[in-house]
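Sequential numbering from 6 applies to the sequence shown in the working numbering.
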Amino acid sequence: MRIQLYISKTGYCSRRETERLLVAGRLTVNGKVATKDSFVEPSDCILLDGQPIPMKERNIYLLLNKPTGIICTAQRQVKNNLINYMNYPERIFAVGRLDKESQGLLLLTNDGDIVNKLMRVENGHEKEYVVTVDRAFPDSFMESMASGVEILDQVTKSCKVTRVDDQTFKIVLTQGLNRQIRRMTKVFGYYVTRLERVRIMNLTLSGLPYGQWRELTGEEINVLMKSLR
6 MRIQLYISKT GYCSRRETER LLVAGRLTVN GKVATKDSFV EPSDCILLDG
56 QPIPMKERNI YLLLNKPTGI ICTAQRQVKN NLINYMNYPE RIFAVGRLDK
106 ESQGLLLLTN DGDIVNKLMR VENGHEKEYV VTVDRAFPDS FMESMASGVE
156 ILDQVTKSCK VTRVDDQTFK IVLTQGLNRQ IRRMTKVFGY YVTRLERVRI
206 MNLTLSGLPY GQWRELTGEE INVLMKSLR
């Protein structure tokens, strides 16, 4: 298997973080510096900074109601990084991201197997957001948002958009482009003043206070895993 997949299966970090380790030359396979194209076998000697990569003892699944100001990165040298904020005793990483100015539901885990399944656009996994913009908008704005908007040299997938009040709407996405909602609203001349993710598939913010986290229940994990098959 590719080394990125192997590392994610250990639970040490995600494939994205593995790419950073590879660029930094910190991973070796049988004494040779690994690259992004390296393939490995279970019998290979794979080291991080000259030491064996610790294997996870259990799968961890956490939900965080992320506050604004926290940055979704595992790099501890970054101010207000997510890992220092969580201060969790075992190694975890976020599945997807919320930008610094956004708040709401974030899934964290040490299970690298679920990351790509959740992030693949073609799987159509829903994420729901409540968004407030800087002024009132007409119904035509929601219709245009729902039908697809050209950003980042592509047209966004069609989505569900419903009104909450004059300046607030709910939007359900099945893709996660960089700062997608903020870029979409900007095309029509609106500025996002508040953005909150309230649902990831079957997981919701219900009962989870702002800034707090909890472990997924057994039922939530079972439903999530069935949806990812």
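We put the beta carbon where it would ideally sit given N, CA and C, even for glycine.
Indicate whether Arg184 and Asp104 have their beta-carbon atoms separated by less than 8 Å.
Along the sequence shown, read from residue 1 onward, the residue named residue 184 stands at position 179. Along the sequence shown, read from residue 1 onward, the residue named residue 104 stands at position 99. In contact: Arg184 and Asp104 (Cβ atoms closer than 8 Å).
Which residue's Cα is closest to the Cα of Lys122: Ser211, Gln9, Met6, Met230?
Here residue 122 refers to the residue found at position 117 of the sequence shown. If we check each option's Cα against that of Lys122, Met230 comes out closest.
Cα-Cα separation between Ala99 and Glu22, rounded to whole angstroms
As a first step, residue 99 must be located in the sequence shown, where it is residue number 94. As a first step, residue 22 must be located in the sequence shown, where it is residue number 17. Approximately 11 Å between the Cα atoms of the pair.
Please identify the residue among Ile76, Glu95, Ile97 whose C-alpha is closest to the C-alpha of Leu87.
Looking up residue 87 in the sequence shown gives position 82. With distances taken between Cα atoms, Leu87 lies closest to Ile76.
So the candidates are Val83, His130, Gln80, Leu110; which of them puts its Cα closest to the Cα of Tyr66?
What you label residue 66 is simply residue 61 of the sequence shown in a count that begins at 1. Measuring from the Cα of Tyr66, the nearest candidate turns out to be Leu110.
Helix or strand or just coil, what does DSSP make of Val197?
Within the sequence shown, the letter at position 192 stands for residue 197. Residue state, collapsed to three classes: strand.
For Leu2 and Thr190, I'd like the C-alpha separation in whole angstroms.
With the chain covering only 6 through 234, there is no way to say anything about residue 2.
Considering only the alpha carbon of each residue, which of Leu221, Met150, Glu95, Gly55 lies closest to Arg186?
In the sequence shown, counting from the first residue as 1, residue 186 sits at position 181. The identity of residue 186 in the sequence shown is Ile, whereas the question assumes Arg. Nearest of Leu221, Met150, Glu95, Gly55 to Ile186, Cα basis: Met150.
Using a Cβ-Cβ cut-off of 8 Å (strictly less than) and excluding sequence neighbours within five positions of Leu10, which residues of its own chain qualify?
Here residue 10 refers to the residue found at position 5 when the sequence shown is read from its first residue. Around Leu10: Arg20, Gly117.
Rounded straight-line distance, which links the Cα of Arg202 to that of Cys18
In the sequence shown, residue 18 corresponds to position 13, counting from 1. In the sequence shown, residue 202 corresponds to position 197, counting from 1. Straight-line Cα distance between these residues: approximately 24 Å.
Taking the Cβ atom as the reference point for each residue, do Gly181 and Gly101 lie within a distance shorter than 8 Å?
The residue given as residue 181 occupies position 176 in the sequence shown. The residue given as residue 101 occupies position 96 in the sequence shown. Cβ atoms of Gly181 and Gly101: closer than 8 Å.
Could you compute how far the alpha carbon of Thr115 sits from the alpha carbon of Ile58?
Residue numbering aside, residue 115 sits at position 110 when the sequence shown is read from its first letter. Residue numbering aside, residue 58 sits at position 53 when the sequence shown is read from its first letter. The sequence given here places Asn at residue 115; Thr does not occur at that position. In a straight line, the C-alpha of Asn115 is about 14 Å away from that of Ile58.
Does the beta-carbon of Leu53, which I'm using as the reference point, lie nearer than 7 Å to any heavy atom of the ligand MN?
Because no ligand of any kind appears in the structure shown, any question about the ligand MN cannot be addressed here.
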